[in-house]
Amino acid sequence: MKYSRVLLFSVSLYLLLIALSTIVTLIVGFDDMTQSTSTIYTQYVLGFVASLMVYLYLGYRQTVSPYKQAFLVAAVYWFINLSLGALLYVLLEITMEPLIYLIPALLHVIAVLLGTLLGIQLRSKKIKRNKKLLIRT
1 MKYSRVLLFS VSLYLLLIAL STIVTLIVGF DDMTQSTSTI YTQYVLGFVA SLMVYLYLGY
61 RQTVSPYKQA FLVAAVYWFI NLSLGALLYV LLEITMEPLI YLIPALLHVI AVLLGTLLGI
121 QLRSKKIKRN KKLLIRT
């Protein structure tokens, strides 16, 4: 297992989710975003889909211990997320409500499990298809 790959996926996922959040904020506007529940749910769905795609790709590419790798990526991602949230609280006095992290954490766990499972299944289907093609020729 390559720990550099875990760090790369974790940082990439964090930056991807930051970029998606920024785009939604720029489209909707900051004042409207904080008061609109549909915008907040849209951000949750976008974050879930992006996380799901990252873990699907990881499950597809990782042949040895894909769940272990996925959970390590998730753990490092949440360490980065919570550390930077705490840093913003200390340096800029931006409040960090623990309940704000609850729904994304639950969605992230679902994305880890489902994305990795789908990636493994996709890889096994590809392997079976390649074996059938080899047998035919």
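Mapping the sequence shown onto the numbering used here, position 9 (from 1) lands on 9, and the numbers just tick up by one. We treat Cβ as the ideally placed atom computed from N, Cα and C, and that holds for glycine.
Closest option to residue 12, judged by alpha-carbon separation, among 95, 58 and 25: 58. Nearest to residue 127 by C-alpha distance, out of 83, 61, 82 and 45, is 61. In the DSSP assignment, residue 43 falls within the unbroken alpha helix (DSSP H) covering 37 to 61. For residue 22, the enclosing alpha helix (DSSP H) starts and ends at 3 to 28.
CA-to-CA, the gap between residue 43 and residue 106 works out to about 14 Å.
The shortest CA-to-CA distance from residue 2 to any of 94, 66 and 56 is the one to 66. Excluding residues up to 5 positions away in sequence, 36 and 39 lie with their Cβ nearer than 8 Å to the Cβ of residue 28 in the same chain.
Annotated three-state conformation of residue 65 is coil, per DSSP. Residue 101 has its alpha-carbon roughly 15 Å from the corresponding atom of residue 94. Residue 54 sits buried, since 16 or more C-beta atoms from the chains shown fall within 10 Å of its C-beta. Assignment of residue 135 by DSSP, reduced to helix, strand and coil, places it in the helix class.
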